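A.B. asks: In terms of the UniProt record's numbering, the sequence shown has 153 at position 153, counting the first letter as 1, and numbering is strictly consecutive.
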Amino acid sequence: MEEHMPEKKKQIMLSAMKLFATKGFSHTTMQEVASFCKMSKGSVYQYYSSKDELLLNIFMYQSKLLEDRMQIMERAGDLHPRERLIRKIEVYLSIWNEHPEFIKMQMRDNADHVNKDIREFMFKMSKVNIDMLVGSLRDIYGQEFEPYLLDGASLLSSLVFTYMSFKLLDNIPIQIEEISKYIVEIMDYTAEGMIKHRPSPLLNARMFSFFEGDEVKTKLVHPLVLVKQIREAVEGASIEKSNKQDILDSILVLEEELLQVQPRKVILLGMLSNIKEVASWSSLYEQLCHAIDSTFRYAPGTFR
Numbered sequence: 001m002e003e004h005m006p007e008k009k010k011q012i013m014l015s016a017m018k019l020f021a022t023k024g025f026s027h028t029t030m031q032e033v034a035s036f037c038k039m040s041k042g043s044v045y046q047y048y049s050s051k052d053e054l055l056l057n058i059f060m061y062q063s064k065l066l067e068d069r070m071q072i073m074e075r076a077g078d079l080h081p082r083e084r085l086i087r088k089i090e091v092y093l094s095i096w097n098e099h100p101e102f103i104k105m106q107m108r109d110n111a112d113h114v115n116k117d118i119r120e121f122m123f124k125m126s127k128v129n130i131d132m133l134v135g136s137l138r139d140i141y142g143q144e145f146e147p148y149l150l151d152g153a154s155l156l157s158s159l160v161f162t163y164m165s166f167k168l169l170d171n172i173p174i175q176i177e178e179i180s181k182y183i184v185e186i187m188d189y190t191a192e193g194m195i196k197h198r199p200s201p202l203l204n205a206r207m208f209s210f211f212e213g214d215e216v217k218t219k220l221v222h223p224l225v226l227v228k229q230i231r232e233a234v235e236g237a238s239i240e241k242s243n244k245q246d247i248l249d250s251i252l253v254l255e256e257e258l259l260q261v262q263p264r265k266v267i268l269l270g271m272l273s274n275i276k277e278v279a280s281w282s283s284l285y286e287q288l289c290h291a292i293d294s295t296f297r298y299a300p301g302t303f304r
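#1: Near residue 218, which residues of its chain fall below 8 angstroms by C-beta distance, leaving aside the five closest residues on each side in sequence?
#2: Relative to the alpha-carbon of residue 87, which residue among 106, 104, 66 and 102 has its alpha-carbon at the smallest distance?
#3: Could you tell me the boundaries of the alpha helix (DSSP H) in which residue 162 lies?
#4: So the candidates are 185, 144, 172 and 177; which of them puts its Cα closest to the Cα of residue 155?
#5: Does residue 40 come out as helix, strand or coil in the three-state DSSP assignment?
#6: Taking the alpha carbon of residue 35 as the point to measure from, which residue in 19, 289, 194 and 24 has its own alpha carbon closest?
#7: Please report the straight-line C-alpha distance between residue 239 and residue 276, rounded to a whole angstrom.
#8: Identify whether residue 275 lies in helix, strand or coil by the three-state DSSP scheme.
#9: Quick one: is residue 166 buried, meaning 16 or more other Cβ sit within 10 Å of its Cβ, or exposed?
#10: With DSSP as the reference, label residue 81 as helix, strand or coil.
#11: What did DSSP end up calling residue 295 once you bin it into helix, strand or coil?
#12: Rounded C-beta distance between residue 95 and residue 59? I'm assuming under 8 angstroms.
#13: Taking 7 angstroms as the cut-off, decide whether the C-beta atoms of residue 147 and residue 201 are in contact.
#14: With a Cβ-Cβ cutoff of 7 angstroms, do residue 103 and residue 168 count as a contact?
#15: Need the endpoints of the alpha helix (DSSP H) that residue 197 sits in, please.
#16: For residue 164, count neighbouring Cβ atoms within 10 angstroms of its own Cβ and tell me buried if that reaches 16, exposed if not.
#17: Applying the 10 Å Cβ sphere with the 16-neighbour rule, what's the burial state of residue 251?
#18: Distance, Cα to Cα, residue 266 vs residue 243?
#19: Can you give the beta carbon distance from residue 258 to residue 224, rounded, assuming they're within the 8 angstroms contact cut?
#20: Measuring straight from C-alpha to C-alpha, what distance separates residue 194 and residue 153?
#21: What distance in whole Å lies between the Cβ atoms of residue 247 and residue 274, which are believed to be in contact at a cut-off of 8 angstroms?
#22: Going by beta carbon distance, what residues of the same chain come within less than 6 angstroms of residue 180, once the five residues before and after it are set aside?
#23: For residue 247, report the span of its alpha helix (DSSP H) as first-last.
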C-alpha cells in the first residue's frame, strides 16, 4: 500500500500520527501538523480536508498495512495452525514496533472525539481482528474449545497488546519472536485447562453487535485471494485467445485497484463487468462481489 500513496500525503499522515500519539487528537491542530511537516496549512488541506479525515486515513493505513503483511505471511507457505498464529502475532508486533504511534494513539483520548465514519471504521477493524483470532484458535484447539473462542480471543488480544506496551513504553528488553511464542504457549495452557475443567464461558456472540445471530463467523476471504483464483480459472478455460487476454488485462487492473486504501467504485464496477461474462458461472464471482462489498464497506449488493 505504501508505494501507492503520494509521498507528501504519507509524510503528513505519519507526522499527524506522532502528534496525535503525544498530544492527543483533540489537542492537536491542523496548523501544528503543518508546522511539524514544515509545510503550509494550505498544502496540508490539499491532501486532507479535515482533521477527522486525517485520523480516518491513519486508521485505514494501519488496517491496510496489517492486511498486506498478513497476505504476505499467508503466501509464505503451508504452516501448521499454531505456527501460523505465532507468525500472525509477529506481524502485529512488527507493525507496532515500526510505528509505535499506533499503540500510543490507542492509549490516549483519540476514540472519544471522532466522527461517525471513524467510529464505523474502528468497529470494522475490531471485528476483523476478532474474526482472525477466533479463526486461529478454532484451527489450533478444535471443536472442544468452541465455547471459549471469544474468551480466548479476548485474552489473546490483551496479551499481545500488554506485552507490546511493555516493550515499547517501558523499554523491556524482550524480542518480538520471544513474545509471540510465549503468548501462544500461554494460550496452549489456557485452552488445555478450559477444555479439562469446562468452566462456563464468560463471553458469547449475542453480547457483540459484531456478529449476526449466535454464530461466530469465520474470517472473510480477501478479494485479492478470490481474484487470483478467478485468474487461474480463466487461464485454464477454453476461451478465444484475444478475448482471454482482454479478460486477463481486466483482472490485472482489478488487482491493482484492490491494492488501494479505498478502491474506486467506477473502476471496480467496470472491471467486474468485463470479467462477469466468463466468470459469472463460477461461485468465485459471487464470492468476490460479496468480499468487495464487505472489505471496503460498500452497501450489500453493490457489485452483484
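Ideal Cβ positions, reconstructed from N, Cα and C, are used throughout, including at glycine. Source: prediction; values computed, not measured.
C.D. replies: Looking at the atomic coordinates:
#1: Working through the sequence shown from its first residue, we reach residue 218 at position 218. At residue 218, the pLDDT of 44 sits below 50, so the modelled position is not reliable and the matter cannot be decided from this model.
#2: Within the sequence shown, the letter at position 87 stands for residue 87. If we check each option's Cα against that of residue 87, 66 comes out closest.
#3: One-based indexing of the sequence shown puts residue 162 at position 162. Note, residue 162: alpha helix (DSSP H), 149-169.
#4: Start at 1 with the first residue of the sequence shown, and residue 155 comes out as number 155. When only C-alpha atoms are compared, the closest one is 185.
#5: Against the sequence shown, residue 40 aligns to sequence position 40. DSSP places residue 40 in coil when its eight states are reduced to three.
#6: Mapped onto the sequence shown, residue 35 falls at position 35. The option with the nearest alpha carbon to residue 35 is 19.
#7: Here the question's residue 239 lines up with position 239 in the sequence shown. Here the question's residue 276 lines up with position 276 in the sequence shown. Cα to Cα, the separation comes out at about 14 angstroms.
#8: Translated into the one-based positions of the sequence shown, residue 275 becomes position 275. Residue state, collapsed to three classes: helix.
#9: Here residue 166 corresponds to residue number 166 of the sequence shown, with the count starting at 1. Looking at its Cβ environment, which holds fewer than 16 other Cβ atoms inside 10 Å, residue 166 is exposed.
#10: Against the sequence shown, residue 81 aligns to sequence position 81. Here residue 81 sits in helix by DSSP.
#11: As a working note, residue 295 is residue 295 in the sequence shown. Helix.
#12: Walking along the sequence shown from the start, residue 95 turns up at place 95. Walking along the sequence shown from the start, residue 59 turns up at place 59. About 13 angstroms; that fails the 8 angstroms criterion.
#13: Indexing the sequence shown from 1 puts residue 147 at position 147. Indexing the sequence shown from 1 puts residue 201 at position 201. Result yes, Cβ atoms of residue 147 and residue 201 sit closer than 7 angstroms.
#14: Mapped onto the sequence shown, residue 103 falls at position 103. Mapped onto the sequence shown, residue 168 falls at position 168. Yes, they are a contact pair.
#15: On the sequence shown, residue 197 is found 197 positions in, with the first residue counted as 1. Run containing residue 197: 176-197, per the alpha helix (DSSP H) assignment.
#16: Walking along the sequence shown from the start, residue 164 turns up at place 164. Its Cβ being crowded by 16 or more others within 10 Å, residue 164 is buried.
#17: Looking up residue 251 in the sequence shown gives position 251. Flag for residue 251 reads buried.
#18: Here residue 266 refers to the residue found at position 266 of the sequence shown. Here residue 243 refers to the residue found at position 243 of the sequence shown. The straight-line gap from Cα to Cα measures roughly 22 angstroms.
#19: One-based indexing of the sequence shown puts residue 258 at position 258. One-based indexing of the sequence shown puts residue 224 at position 224. Yes, residue 258 and residue 224 are in contact; Cβ-Cβ is about 5 angstroms, under 8 angstroms.
#20: Here residue 194 is taken as the residue at index 194 of the sequence shown, counted from 1. Here residue 153 is taken as the residue at index 153 of the sequence shown, counted from 1. Those two C-alpha atoms are separated by around 14 angstroms.
#21: What you label residue 274 is simply residue 274 of the sequence shown in a count that begins at 1. What you label residue 247 is simply residue 247 of the sequence shown in a count that begins at 1. Confirmed, about 7 angstroms.
#22: As a first step, residue 180 must be located in the sequence shown, where it is residue number 180. Within the same chain, residue 180 has close Cβ partners 86, 89 and 90.
#23: Translated into positions along the sequence shown, residue 247 becomes position 247. It spans 241-258 - the alpha helix (DSSP H) in which residue 247 sits, taken as one unbroken run.
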